[in-house]
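First comes the structure, then the notes that go with it.
Protein chains in written order, with our numbering: chain A, 81 to 310; chain B, 1192 to 1526.
Right under this line is the structure:
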């Protein structure tokens, strides 16, 4: 589902964020992405979301080679990738419902279906009763779950999370990890960037470790030729 | 705040009216989306009524000025057109022309293609009319001899009544033998024409400048709106909003600014017309002119408002082009 082939990313000057990264994540796989600050975790996630383009190598998501993707096709790729941020990126000028509805509105889903699907996603994260509230009224853990509902509301095959448990206590973190596990069980490929070693150890899942832009653990040669179409 | 309006309008239509084919469904949901965006954009403007009103007023003033001048111009051109249609050329024949010669000359002029009709006023007849009209009978008797010449009253054809054609006709008549003097009072008309020509150019130049000003004003207003909604734009782009999707609310906002500006301009023009009409009628009366300052009418008002909306849309488009495409969710993902 997500495949990196010899991917390097250099920002102007000499700063190299990623060096020849190879890995492949299959359908329904849940993996952690870890490493020190500045190791290249964010760059890797940005490459998957086409916020950045690789300097060399190939990034393939859902069978689509992203290198040659024209700029106006980028939104359509992003619709297949749900993203959860540490600072959740919720909008405080609208309700929880409207925050979660955004990916569907962007896709032109009819309003009736939007209602149904948003409530399904909110139900999934246990916030159905708070749909009319402003995200500002919610606790940190609840806000994070709204962010997760938004990321999965359009049932994307890929879910990325950048430090999703950054500010949460262990119990809330565990709850959120449980959600991610459930998504992976229904076939969503989940990649979670985190510093939280305790959490990673506790989960016992595949772990991609970056060090100064190099993938030092958890990488792999493409499995089965890597032609993993959706 | 936007959750309730989203659900309410869509529910009453119900499942029964839903289109069945996916393409229809798509088109409907696209239109629904446009309606929603248009409504939301309008609501946003109304939420800050003072700021919106100020923008509308700036636009209204900028639009009203050229439109008012354009109306004045049209009215003036109406005046000169009216006068041209009554343009008549008066040719005074020399004193030694006999009645027979005068009649022959009248026939000759009449045979020209540009002439609609020629009336010969013979000198005796002219004297009689003058005597009757002026009340100077005694003075005329004292003169002993008829001081008036034969006169040709020449009316040009409809299509030969422009200032230039009349000028050419005058030259033609002047060139004939026996014609002593040709009179046509077109001098002031030409001056008026020249002035309206200048005015027309000035009005167009002004329109262009003020149109550009409107575009810039709206562009700047929309730029601020874009800055205010930066987070929303980032998130929309992040979840796969196309550029068109992200631009749409701002383009609608521009069009609504235009609508308000157009309405304000129309009101300003109507008020000015009402205020000016009395004095203008008096002035026109003094000149015995039919001059009436024409209002924009329904079509004019509709055109004004449509143009205003287009300008607003264009201004928004400029801002969106310059500022929106720069907002990329690159920084959102942290370091």
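Ideal placement from N, C-alpha and C gives every residue a C-beta, glycine not left out.
By alpha-carbon distance to residue 193 of chain A, the top candidate from B:1217, B:1432, B:1254, B:1441 is B:1217. For residue 1311 of chain B, the uninterrupted beta strand (DSSP E) run begins and ends at 1306-1312, by DSSP.
Within the segment 1234-1260 of chain B, no residue has a Cβ lying closer than 8 Å to any Cβ of chain A.
Not a single C-beta of chain A is nearer than 8 Å to the C-beta of residue 1398 of chain B. Within the segment 1433-1455 of chain B, the residues whose Cβ lies closer than 8 Å to some Cβ of chain A are 1433, 1434, 1436, listed in chain order. In the three-state reduction of the DSSP assignment, residue 1423 of chain B falls in the helix class.
Note: residue 1347 of chain B is bridge-paired with B:1306 in the DSSP secondary-structure output. Residue pairing by DSSP puts residue 104 of chain A in a beta bridge opposite A:83. Following the DSSP letters along the chain, one finds residue 1371 of chain B inside the beta strand (DSSP E) bounded by residues 1370-1374. Cβ contact annotation for residue 180 of chain A (same chain, cutoff 7 Å, sequence separation greater than five): 198, 201, 202, 226, 229, 230, 233, in chain order. Restricting attention to beta strand (DSSP E) runs no shorter than 3 residues, the segment 136-177 of chain A encloses them at 136-141, 161-164, ordered along the chain. Residues of chain A with a Cβ closer than 8 Å to the Cβ of residue 1422 of chain B are, in chain order, 169, 171. Rounded to whole angstroms, the gap between the alpha carbons of residue 1318 of chain B and residue 1339 of chain B is 7 Å. Here residue 175 of chain A is not near residue 287 of chain A, since their CB atoms are 8 Å or more apart.
Proximity to residue 1401 of chain B across B:1346, B:1452, B:1381 peaks at B:1452, based on C-alpha coordinates.
Looking from the CA of residue 1426 of chain B, the closest CA among A:131, A:254, A:265, A:219 belongs to A:131.
Residue 1510 of chain B is positioned such that its CB atom lies closer than 8 Å to that of residue 1413 of chain B.
Within the same chain, Cβ atoms closer than 7 Å to the Cβ of residue 149 of chain A are found at 130, 157, the five residues on either side in sequence being excluded. Residue 1214 of chain B is bridged by DSSP to nothing; it lacks a bridge partner. Secondary structure at residue 293 of chain A: coil, using DSSP grouped into helix, strand and coil.
In the structure shown, the three-state DSSP call for residue 88 of chain A is strand. Taking C-beta atoms under 8 Å as the contact rule, residue 90 of chain A and residue 294 of chain A fail to qualify, at a distance of about 13 Å. Residue 1263 of chain B places its beta carbon 8 Å or farther from that of residue 1444 of chain B.
Among the CB atoms of chain B, one or more fall inside 8 Å of the CB of residue 163 of chain A. For residue 123 of chain A, the uninterrupted alpha helix (DSSP H) segment begins and ends at 121-128.
Within the segment 133-159 of chain A, 152, 155, 156, 157, 158, 159 place their CB atoms closer than 8 Å to a CB of chain B, listed in sequence order. For the pair residue 170 of chain A and residue 102 of chain A, the Cα-to-Cα distance works out to about 33 Å. With 16 or more neighbouring CB atoms inside 10 Å of its own CB, residue 121 of chain A falls in the buried class. Taking a 10 Å sphere around the C-beta of residue 116 of chain A, we find fewer than 16 other C-beta atoms and assign the residue as exposed.
Between residue 104 of chain A and residue 83 of chain A a beta carbon distance of about 5 Å is seen, short of the 8 Å cut, so the two are scored as contacting. Proximity of chain B to residue 266 of chain A at the Cβ level (cut-off 8 Å) is not reached, the minimal Cβ distance being about 20 Å. With respect to residue 112 of chain A, residue 272 of chain A sits close: the two C-beta atoms are nearer than 8 Å.
Within the same chain, 1264 come within 6 Å of residue 1391 of chain B by CB-CB distance, once the 5 residues on both sides are set aside. Residue 1232 of chain B and residue 282 of chain A have their C-alpha atoms roughly 49 Å apart. Within the same chain, and ignoring the five residues on either side of residue 1337 of chain B in sequence, the residues whose Cβ sits closer than 6 Å to its Cβ are 1314, 1318.
Per DSSP, residue 1288 of chain B lies in no alpha helix (DSSP H) and is assigned neither H nor E.
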